[in-house]
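Peer 1:
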Amino acid sequence: MGGGEIVLIIFVFLLFFGSKAIPDVAKTLGKAMREFQKATNEIKREINESGGGLGDEIRDIKSTIQDARSNIQEGIKTHTSEIEKDIQEIKSDVTKGTENITTTISNEAKMD
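According to my numbering, the stretch in the sequence shown is residues 1 to 112, in order.
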């Protein structure tokens, strides 16, 4: 992904979510990452505290982590697909606008 594409994605993100929504999105991602880190730390702590008999507890924690991971991935997919859709709409609008301008210029040149 080149620098121009990144700038375009940021521009589209700002257009559709606005500068006020960016902190909320960042906060949501931050919370999800903190939850994941807490779960990871809890697993490490429990493993260190007990030497054995962790079968059910590890399965429960693993399930919790997998659920959190799935939720994070789904959220990212949702936002990514929305952004991609918006980018396609913008591309289409720009293409149509360019075609209209080209047609208008061509028609005006024919009239002269």
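Positions of the beta carbon are idealized from the N, C-alpha and C atoms, including for glycine. Predicted model, so just to flag it, every value in this text is computed and none were measured.
Is the CB-CB distance between I72 and M111 below 9 Å?
Peer 2: To locate residue 72, count along the sequence shown from 1; it is residue 72. To locate residue 111, count along the sequence shown from 1; it is residue 111. No, the Cβ-Cβ distance between I72 and M111 is not below 9 Å.
Peer 1: Could you check if F13 is buried or exposed, using at least 16 other CB atoms within 10 Å of its CB as the buried criterion?
Peer 2: Stepping through the sequence shown from its first residue, residue 13 is reached at position 13. That one is buried.
Peer 1: Check whether the Cβ atoms of I76 and F16 lie closer than 9 Å to each other.
Peer 2: Here residue 76 corresponds to residue number 76 of the sequence shown, with the count starting at 1. Here residue 16 corresponds to residue number 16 of the sequence shown, with the count starting at 1. Against a cut-off of 9 Å, the Cβ pair of F16 and I76 comes out as no contact.
Peer 1: For S50, which three-state DSSP category applies?
Peer 2: Position 50 of the sequence shown holds residue 50. In the structure shown, S50 sits in coil (DSSP, three-state: anything other than H, G, I, E or B).
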